[in-house]
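Participant: First the structure, which I've put down as C-alpha cells, then a few questions once you've had a look.
There are 2 protein chains.
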Amino acid sequence: MPGTSHDFTARLRAAGLRPTRQRVALARLLFEGGSRHVTAESLHVEVKSAQMPVSLATVYNALNQFRDAGLLREVVVAPGRSYFDTNTGHHHHFFVEPDGALHDFPSDKVTIAGLPAPPKGTRLSRVDVIVRVRR
Amino acid sequence: MPGTSHDFTARLRAAGLRPTRQRVALARLLFEGGSRHVTAESLHVEVKSAQMPVSLATVYNALNQFRDAGLLREVVVAPGRSYFDTNTGHHHHFFVEPDGALHDFPSDKVTIAGLPAPPKGTRLSRVDVIVRVRR
DNA sequence: AAGGAGTTTAGAACAGTTCTAAATACTGCA
DNA sequence: TGCAGTATTTAGAACTGTTCTAAACTCCTT
C-alpha cells in the first residue's frame with residue numbers, strides 16, 4: 070500500500086513538477102484523504118493551520134499547475150470563485166445554492182442523450198452537468 | 070404586434086421595477102432583438118455607444134434586478150465573469166473555451182437520465198448542462 | 001560544493017463587482 | 001399640475017479574488 074499513493078514526491082515529479090517543500094505539503098493535504106473540493110483561500114487557511122507556511126501566491130500557483138498537469142479539475146459554479154476538485158475522473162456536481170457547498174456524483178449512471186453536434190470548427194472538450202439545489 | 074413585446078415600460082412595471090430611463094434603455098437593448106448573452110462590461114459599452122449614457126454601476130444593478138425578477142438568467146461558465154442570458158426558458162449552453170463565446174441550444178431534445186436524488190434537505194432548483202468545446 | 005534554472009514570497013497591481021453618500025428622477029396624492 | 005417622499009442613479013471609493021513583480025531562496029546537476 071505505501072509507496073504508490075502516498076509518494077507525493079514521485080507523483081509531482083511524474084507530473085513534471087519539482088517536488089518542493091510547499092508543493093509536497095499542498096499535495097499531501099489535497100490527495101491524502103478522499104475526494105475534496107477546495108478554493109485557494111480555503112487551502113491557504115488549511116496549510117497555515119497545519120504549521121506548514123505557504124504563501125497565498127504559491128497556493129494559487131500550485132493549484133493552477135496541478136490543474137494544468139491533470140492532478141486537479143477546476144469547477145466553475147459561482148461567479149467570482151474557483152473550486153478545485155481532487156476527483157479528476159468522470160463525474161458531475163450538486164451545488165447547494167445558498168451556502169456554496171459542492172458534492173460529487175458519479176457520471177456512470179447518468180446518460181445524456183440528444184446533445185447537438187458541436188459548432189462548426191470545434192470539438193468536444195467536456196460536458197459538465199451542474200445540478201443546482203436549494204434548502 | 071406592437072404594444073406587447075416592445076412595451077418595455079409595462080414589462081418593467083409588471084416585474085416590479087420602476088421604468089426609469091436607464092432601465093428602459095437597457096431593456097430595449099437586451100430584449101428588442103433575439104436571444105442574447107451579455108456581460109456587464111459589454112452591455113455598458115453598448116449602451117454608451119448607443120448615446121444613452123448609463124453608469125457601469127447602474128448596468129450592474131439593472132442586470133442583477135432583471136435576473137432577480139426572472140427577466141434574465143445568469144450563466145456561470147468561467148471564473149471571474151458573469152454572463153447574462155436573455156433566454157430564460159429551458160435550454161443549455163455550448164461554451165467555446167479559448168474565446169469565451171457562449172451559444173444556446175434547446176433542451177427539449179436533450180434527455181438526462183439517472184441523476185441521483187438531491188441531497189437530504191434540499192430540493193432541485195435547476196440542472197445546467199455546459200458543453201465545453203475547443204477549436 | 002557551486003552554478004543556474006526553477007520556485008517562493010510579500011506586496012503591488014489588476015479585474016470584476018459592490019458599496020457609499022450625494023444628486024436626481026419617478027410616483028402618488030393633493 | 002405641483003410637491004413630497006421614496007426609489008434610483010452616479011462617480012468614485014472600496015472590496016474580493018486572482019495574477020504579477022522582482023528579489024530571495026531552493027532544488028537539481030555536475
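Residue numbers (my numbering), protein chains in the order written: chain A, 70 to 204; chain B, 70 to 204. All residues carry an ideal CB built from backbone N, CA and C; glycine is no exception.
1. Taking E166 (chain B) as the reference, give the member of B:P175, B:R80, B:A147 with the closest Cα.
2. Do A138 (chain B) and L86 (chain B) have their C-beta atoms closer together than 8 angstroms?
3. Determine which residues share a DSSP beta bridge with P175 (chain A) and list them.
4. When you check each C-beta in the stretch 174-188 of chain A against every C-beta of chain B, which residues fall closer than 8 angstroms?
5. Jot down the residue ranges of each uninterrupted alpha helix (DSSP H) in the stretch 81-163 of chain B, minimum 4 residues, whole runs only, in chain order.
6. Would you call the CB atoms of S176 (chain B) and H160 (chain B) closer than 8 angstroms?
7. Look at the Cβ atom of I199 (chain A), then the Cβ atom of D197 (chain B), and state whether they are nearer than 8 angstroms.
8. Looking at the secondary structure, which residues open and close the beta strand (DSSP E) in which R203 (chain B) lies?
9. At what residues does the beta strand (DSSP E) containing A182 (chain A) begin and finish?
10. Just by C-beta distance, which residues in the stretch 154-165 of chain A are closer than 7 angstroms to chain B?
11. Along chain B, which residues have their Cβ under 8 angstroms away from the Cβ of T108 (chain A)?
12. Less than 8 angstroms separating the beta-carbons of R201 (chain B) and R192 (chain A)?
13. Could one say the Cβ of L193 (chain B) lies closer than 8 angstroms to chain A's Cβ atoms, at least one of them?
14. Do F100 (chain A) and T155 (chain A) come within 8 angstroms of each other at the CB atom, strictly closer than that value?
Facilitator: Quick answer:
1. In the second sequence, the residue the question calls residue 166 (chain B) occupies position 97. The shortest Cα separation from E166 (chain B) among B:P175, B:R80, B:A147 belongs to B:A147.
2. By 1-based counting over the second sequence, the position of residue 138 (chain B) is 69. By 1-based counting over the second sequence, the position of residue 86 (chain B) is 17. Yes, the pair counts as a contact, with Cβ atoms nearer than the cut-off.
3. For the purposes of this step, residue 175 (chain A) is taken as the residue at position 106 of the first sequence. Beta-bridge pairing links P175 (chain A) to A:H160.
4. F174, K178, V179, T180, I181, A182, G183, L184, P185, P187, P188
5. 90-100, 109-118, 125-137
6. By 1-based counting over the second sequence, the position of residue 176 (chain B) is 107. By 1-based counting over the second sequence, the position of residue 160 (chain B) is 91. Yes, Cβ-Cβ distance for S176 (chain B) and H160 (chain B) is below 8 angstroms.
7. The sequence position of residue 199 (chain A) within the first sequence is 130, counting from 1. The sequence position of residue 197 (chain B) within the second sequence is 128, counting from 1. Their beta carbons are under 8 angstroms apart, which means I199 (chain A) touches D197 (chain B) by this criterion.
8. Sequence index remark: in the second sequence, residue 203 (chain B) carries index 134 (1-based). Taken as a continuous stretch (DSSP letters only), the beta strand (DSSP E) holding R203 (chain B) covers 192-203.
9. The residue you call residue 182 (chain A) lines up with position 113 of the first sequence. Residues 180-182.
10. F163, V165
11. By one-based count along the first sequence, residue 108 (chain A) stands at place 39. Within 8 angstroms Cβ-Cβ: nothing; T108 (chain A) doesn't reach chain B, min ~10 angstroms.
12. Within the second sequence, the letter at position 132 stands for residue 201 (chain B). Within the first sequence, the letter at position 123 stands for residue 192 (chain A). Cβ atoms of R201 (chain B) and R192 (chain A): not closer than 8 angstroms.
13. On the second sequence, position 124 is the one that residue 193 (chain B) refers to. With 8 angstroms as the cut-off, L193 (chain B) counts as an interface residue toward chain A.
14. Stepping through the first sequence from its first residue, residue 155 (chain A) is reached at position 86. Stepping through the first sequence from its first residue, residue 100 (chain A) is reached at position 31. A contact, by the Cβ cut-off of 8 angstroms.
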